[in-house]
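Data first, discussion second: the structure below is written as structure tokens.
There are 2 protein chains.
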Amino acid sequence: MPSLAGLFFWMNKKIKNINKIIVSKPLKLDCGKTITNFPLAYETYGKLNENKNNAILVFHALTGDQFVAEINPVTKRDGWWVTAVGPGKAIDTNKYFVICANVIGGCMGSLGPSDINKETNQPYGLDFPVITIKDIVRAQESLLDHLGVKKLLCATGGSMGGMQLLQFCTTFPDKSFSAIPIACSSSHSAQNIALNELARQAIMADPIWNNGKYFLKNTQPKNGLAVARMVGHISYLSKQGMQEKFGRKLQEKADYEFSFDADFQVESYLRHQGSSFVERFDANSILYITRAMDYFDLSKQFKGGLVEAFKNQSTKFLVISFSSDWLYTTKENKDIVIALNASGADVSYSEIETDKGHDSFLLNETEFLKTLKAFIDSMYDKFKK
Amino acid sequence: MPSLAGLFFWMNKKIKNINKIIVSKPLKLDCGKTITNFPLAYETYGKLNENKNNAILVFHALTGDQFVAEINPVTKRDGWWVTAVGPGKAIDTNKYFVICANVIGGCMGSLGPSDINKETNQPYGLDFPVITIKDIVRAQESLLDHLGVKKLLCATGGSMGGMQLLQFCTTFPDKSFSAIPIACSSSHSAQNIALNELARQAIMADPIWNNGKYFLKNTQPKNGLAVARMVGHISYLSKQGMQEKFGRKLQEKADYEFSFDADFQVESYLRHQGSSFVERFDANSILYITRAMDYFDLSKQFKGGLVEAFKNQSTKFLVISFSSDWLYTTKENKDIVIALNASGADVSYSEIETDKGHDSFLLNETEFLKTLKAFIDSMYDKFKK
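Written as structure tokens, this is what we have:
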């Protein structure tokens, strides 16, 4: 039998002092099930000002978490968006109050499949309900009340964070003065569903996965999860960026070794990314979160499609894409802009020229960070009035 | 203990009357080991004419085989290139004599890791030597002698077949009057190495793989191999092509089922491709052949690089790429053209506009097939003289 805290006992130990609220209001999920009294973990940076008009909500991506701009207590490495968020940075925490919550379905303190199901006194595993991006976003609403934020200055997020943001703006049209969806899509493409399915199949192919019940042996399907992570890392870089970064460089050897060891640096990189990921992320969480992404199709929620979805938006949008992003292409981001325009919303758009691919939003991309800063600062000037 | 014929006993039974020669001349491989008296399986279509000037050598891709233009005895489906090869087709077998050999390292009759290692009386598994594209091509030389072909009218191949072709033309510069490399590269890119590594890791993550010794239990790592195959199928289609083919269409259901079953058609497609592949292909062969692809870097073989590689070519080249191919891009194919031009070779180039991605060379793409036919027919007119 697993310990009370289940598989992630070791992880929870490491993140003892995690901030969380218990959301008591019942949340009826899209699948029909209801969750209630569930934990929602979050972090904040900076201070909410007296007028409560400097709050920025950040939505994290698939394998991100609430540790945006501080040392991550599990990995002991920098938060995932220190390039953009911090004192004096594009999203300046000397000036703004930044909030980020861990998604439900995740494994960093918010309710997820590694938590204990009170009905069985075991971790949920596949008894966890299948969730959607809308469920994820609705679960976060209470946090704003808890923090005393009536209306956000801005909400932003890249990749799956951008998808949450688009959902947030349509589900709660008056909650944010401005919004910056970055490198995302209003509807998950067939190729992206395929890549997610590949990751899920890699996990489910691992016999340790055991139909999601690996917690019974207090382990996890590391081999399958590592392969799933490699899928991600290939898709986050552009072909050209990968060529420039790795090319055909060999890994600490003078020539081919004619073996199946990691002869090439790119192989070594992928293996490292895979093996380090399994130390920080729950395999079932990958299944649940990728499923939520695949189900995301904003236009499906509204008769009349995407234009209808964005109708009556008072939120001011800046959509940002990266030229070499093949996961969430410029075309997909432009489709959001077109729909926002067609629905009469206030929208501007910026395509950042870079060969760094989808990962660009996490990197020190000067033009991107300048764009981000300029928009947020100008929105603050307007919102204050 | 496995049966004498090892893992692929069942497969070899199915393909009893397979054509093969035994190559008696020792072949020293790039890794330093030597193979000798090894089988090389092949098929031919059409007849060699009296002047022996109508022979066309086709090189197959990663998971292809010698069954180009007839029912494949294992899959019972059409050969992999019936769109291009056959009576009255672009490569007209009423007119030309078409030859295709199974690559060494493969599992369709040529020497591969599922064959019996005479030293151990067990299948080779990982005792099989790591091979290169050059080894693969050199192994095929004897076949032309055996068939009485001194000089080919043309040699062609797509994807890994194109890589073999480029190697063939530089290793045997006088063996073919003309050559048509299709959708390939002179040097495997970092992204393609990464995708191959992903496939290999998926196989090696499967505990059934057992360090290549799955034959001891007369089985194979089906789960891992199926995942590996899914990687391929994602990379063979373009994003747009996949969107048009599958989009977000559901698989025989009216709405999301909120489960991890295949809700989307694209998931069902990938699962089918994965599960059917394991019935016809050996997992260790995938390891060996992908490794050969990754090691392929024609410029590395010649001081002075690619231009030097193509020096003194009398072969007339037509390079063909597909606009939406992201696996072997137009840029990579153009780099071959540029090097051929720089080395003074006779080269023409055609980029076929299509959204069908890398797979285009296997499909009924009218412009592509017309281009192929026109070039081959004109080469025959010149070669006859």
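Chains as they are written, first to last, in my numbering: chain G, 2 to 386; chain U, 2 to 386.
Glycine is no exception: its CB is placed at the ideal position from the N, C-alpha and C atoms.
Grab me the residues of Phe278(G)'s own chain with a C-beta within less than 8 Å of its C-beta, minus the 5 sequence neighbours each way, in chain order.
Counting from one through the first sequence, the residue named residue 278(G) turns up at place 277. The answer, listed in chain order, is Thr64, Leu226, Ala227 and Arg230.
If you count every other CB in all the chains shown that lies within 10 Å of the CB of Lys357(U), and 16 or more means buried, which is it?
As a working note, residue 357(U) is residue 356 in the second sequence. Label assigned to Lys357(U): buried.
Tell me the DSSP secondary structure of Leu154(U) in three-state form.
Mapped onto the second sequence, residue 154(U) falls at position 153. Leu154(U): strand per DSSP, three-state reduction.
Spatial neighbours of Thr367(G) within its chain, please: C-beta separation below 6 Å, excluding the five flanking residues on both sides.
Sequence index remark: in the first sequence, residue 367(G) carries index 366 (1-based). Cβ within range, chain order: n/a, list empty.
Pick from Lys29(G), Thr220(G) and Phe376(G): whose alpha carbon is nearest that of Lys317(G)?
In the first sequence, the residue the question calls residue 317(G) occupies position 316. The option with the nearest alpha carbon to Lys317(G) is Phe376(G).
Starting from the C-beta of Leu5(G), find all residues in its chain whose C-beta is less than 6 Å away, skip the five residues before and the five after it, and write them out in chain order.
Taking the first sequence and counting its residues from 1, the one referred to as residue 5(G) is at position 4. Interpretation of Leu5(G) is limited by its pLDDT of 36, a score under 50 that renders its predicted location unreliable; the figure taken from the coordinates is listed afterwards. Counting only Cβ-Cβ distances below 6 Å, and skipping sequence neighbours, we find nothing.
Residues near Ser177(G) in its chain [Cβ-Cβ closer than 6 Å; skip 5 each side]
Mapped onto the first sequence, residue 177(G) falls at position 176. So the qualifying residues of the chain are Leu153, Ala156 and Thr316.
When we look at the beta-carbon of Lys26(U) and count the other beta-carbons within 10 Å, is it buried (16 or more) or exposed?
Here residue 26(U) refers to the residue found at position 25 when the second sequence is read from its first residue. Classification of Lys26(U): exposed, given that the 10 Å Cβ count is below 16.
Take Cys170(G) as the anchor and find which of Asn118(G), Ile19(G) and Arg139(G) has the nearest alpha-carbon.
Along the first sequence, one-based indexing puts residue 170(G) at 169. Ranking the options by Cα distance to Cys170(G), first place goes to Arg139(G).
Candidates Phe247(U), Tyr350(U) and Thr133(U): which alpha carbon is nearest Phe259(G)'s?
Position 258 of the first sequence holds residue 259(G). Across the set Phe247(U), Tyr350(U) and Thr133(U), the C-alpha of Thr133(U) shows the shortest separation from the C-alpha of Phe259(G).
Considering only C-alpha positions, which residue in the set Asp31(U), Asn118(U) and Arg272(U) is nearest to His234(U)?
In the second sequence, counting from the first residue as 1, residue 234(U) sits at position 233. Checked all of Asp31(U), Asn118(U) and Arg272(U); the closest Cα to His234(U) is Arg272(U).
Extent of the continuous beta strand (DSSP E) run through Asn101(U):
Taking the second sequence and counting its residues from 1, one reaches residue 101(U) at position 100. Correcting the residue identity first, residue 101(U) is Cys in this sequence and not Asn. Element bounds for Cys101(U): Phe98 to Ala102.
Can you check whether the C-beta of Phe384(U) is within less than 8 Å of a C-beta belonging to chain G?
Here residue 384(U) refers to the residue found at position 383 of the second sequence. No - not a single Cβ of chain G is within 8 Å of the one on Phe384(U).
Since Pro174(U) and Asn285(U) should fall inside the 8 Å C-beta cutoff, what is the C-beta to C-beta distance between them, to a whole number of angstroms?
Indexing the second sequence from 1 puts residue 174(U) at position 173. Indexing the second sequence from 1 puts residue 285(U) at position 284. Not a contact, Cβ separation roughly 33 Å.
Any beta carbon of chain G sitting closer than 8 Å to that of Val138(U)?
Position 137 of the second sequence, counted from the first residue, corresponds to residue 138(U). No - not a single Cβ of chain G is within 8 Å of the one on Val138(U).
Does the beta-carbon of Gly7(G) have 16 or more other beta-carbons within 10 angstroms, so that it is buried, or is it exposed?
Start at 1 with the first residue of the first sequence, and residue 7(G) comes out as number 6. Only weak support is given to the placement of Gly7(G): the predicted model assigns it a pLDDT of 44, under 50, and the question is left unresolved by the model.
Which bits of chain U does Arg292(G) rub up against, with CB to CB less than 8 Å?
What you label residue 292(G) is simply residue 291 of the first sequence in a count that begins at 1. Residues of chain U with a Cβ closer than 8 Å to the Cβ of Arg292(G) are, in chain order, Phe261.
Would the beta-carbon of Met352(G) fall within 8 Å of that of Ser322(G)?
Taking the first sequence and counting its residues from 1, one reaches residue 352(G) at position 351. Taking the first sequence and counting its residues from 1, one reaches residue 322(G) at position 321. Just to set this straight, residue 352(G) is Glu in the shown sequence, not Met. Their beta carbons are under 8 Å apart, which means Glu352(G) touches Ser322(G) by this criterion.
With Phe376(G) as the anchor, note down where its alpha helix (DSSP H) starts and where it stops.
Here residue 376(G) refers to the residue found at position 375 when the first sequence is read from its first residue. Residues Thr367 to Lys385.
Could you check where the alpha helix (DSSP H) with Thr331(U) kicks off and where it finishes?
Here residue 331(U) corresponds to residue number 330 of the second sequence, with the count starting at 1. Element bounds for Thr331(U): Thr331 to Ala343.
Output yes or no for whether 8 Å exceeds the beta carbon distance between Phe60(G) and Glu44(G).
Taking the first sequence and counting its residues from 1, one reaches residue 60(G) at position 59. Taking the first sequence and counting its residues from 1, one reaches residue 44(G) at position 43. No, Cβ-Cβ distance for Phe60(G) and Glu44(G) is not below 8 Å.
Do Tyr125(U) and Tyr257(G) come within 8 Å of each other at the CB atom, strictly closer than that value?
Numbered from 1 along the first sequence, position 256 holds the residue referred to as residue 257(G). Numbered from 1 along the second sequence, position 124 holds the residue referred to as residue 125(U). Not in contact: Tyr257(G) and Tyr125(U) (Cβ atoms no closer than 8 Å).
Helix, strand or coil for Asn20(U)? Go by DSSP, reduced to three states.
Position 19 of the second sequence, counted from the start, is the residue given in the question as residue 20(U). Coil, per DSSP.
Please compile the residues from chain G whose C-beta is within a distance smaller than 9 Å of the C-beta of Trp210(U).
Position 209 of the second sequence, counted from the first residue, corresponds to residue 210(U). Neighbours of Trp210(U) on chain G: none; closest Cβ ~10 Å, over 9 Å.
Contact the segment 89-102 of chain G vs the segment 34-48 of chain G: 3+ CB pairs below 8 Å:
yes
Could you give the DSSP three-state label for Leu226(G): helix, strand or coil?
On the first sequence, position 225 is the one that residue 226(G) refers to. DSSP, reduced to helix, strand and coil, places Leu226(G) within a helical segment of the structure shown.
From Gly305(U) to Asn342(U), what does the alpha carbon distance come to, in whole angstroms?
By one-based count along the second sequence, residue 305(U) stands at place 304. By one-based count along the second sequence, residue 342(U) stands at place 341. Cα to Cα, the separation comes out at about 15 Å.
Just the C-alpha distance for Asp116(G) and Ile105(G), rounded to the nearest angstrom, thanks.
For the purposes of this step, residue 116(G) is taken as the residue at position 115 of the first sequence. For the purposes of this step, residue 105(G) is taken as the residue at position 104 of the first sequence. Asp116(G) and Ile105(G): Cα-Cα distance of roughly 11 Å.
When you compare only the Cα positions, how much space is there between Phe384(U) and Ala346(U)?
Here residue 384(U) corresponds to residue number 383 of the second sequence, with the count starting at 1. Here residue 346(U) corresponds to residue number 345 of the second sequence, with the count starting at 1. The straight-line gap from Cα to Cα measures roughly 17 Å.
Whole angstroms are fine: how far does the CA of Asn73(G) sit from the CA of Ala42(G)?
To locate residue 42(G), count along the first sequence from 1; it is residue 41. To locate residue 73(G), count along the first sequence from 1; it is residue 72. Between Ala42(G) and Asn73(G), the C-alpha separation is close to 14 Å.
If you scan the segment 165-247 of chain G from start to end, which runs of the beta strand (DSSP E) of 3 or more residues do you find wholly inside it?
177-183
Look at the Cβ atom of His359(G), then the Cβ atom of Leu328(G), and state whether they are nearer than 8 Å.
One-based indexing of the first sequence puts residue 359(G) at position 358. One-based indexing of the first sequence puts residue 328(G) at position 327. It is a contact, given that the beta carbons lie within the stated cut-off.
Using three-state DSSP, classify Ser277(G) as helix, strand or coil.
What you label residue 277(G) is simply residue 276 of the first sequence in a count that begins at 1. The answer is helix: DSSP assigns Ser277(G) an H, G or I state.
Taking only three categories from DSSP, how would you classify Thr355(G)?
In the first sequence, residue 355(G) corresponds to position 354, counting from 1. Three-state result, Thr355(G): coil.
Which value, in whole angstroms, describes the spacing of the CA atoms of Thr386(G) and Leu370(G)?
By 1-based counting over the first sequence, the position of residue 386(G) is 385. By 1-based counting over the first sequence, the position of residue 370(G) is 369. The question names Thr, but residue 386(G) in the sequence shown is Lys. Distance from the CA atom of Lys386(G) to the CA atom of Leu370(G), rounded to whole angstroms, is 25 Å.
For the beta strand (DSSP E) that contains Leu1(U), what are its first and last residues?
The structure shown does not extend to residue 1(U), since chain U is modelled only from 2 through 386, so no value can be given for it.
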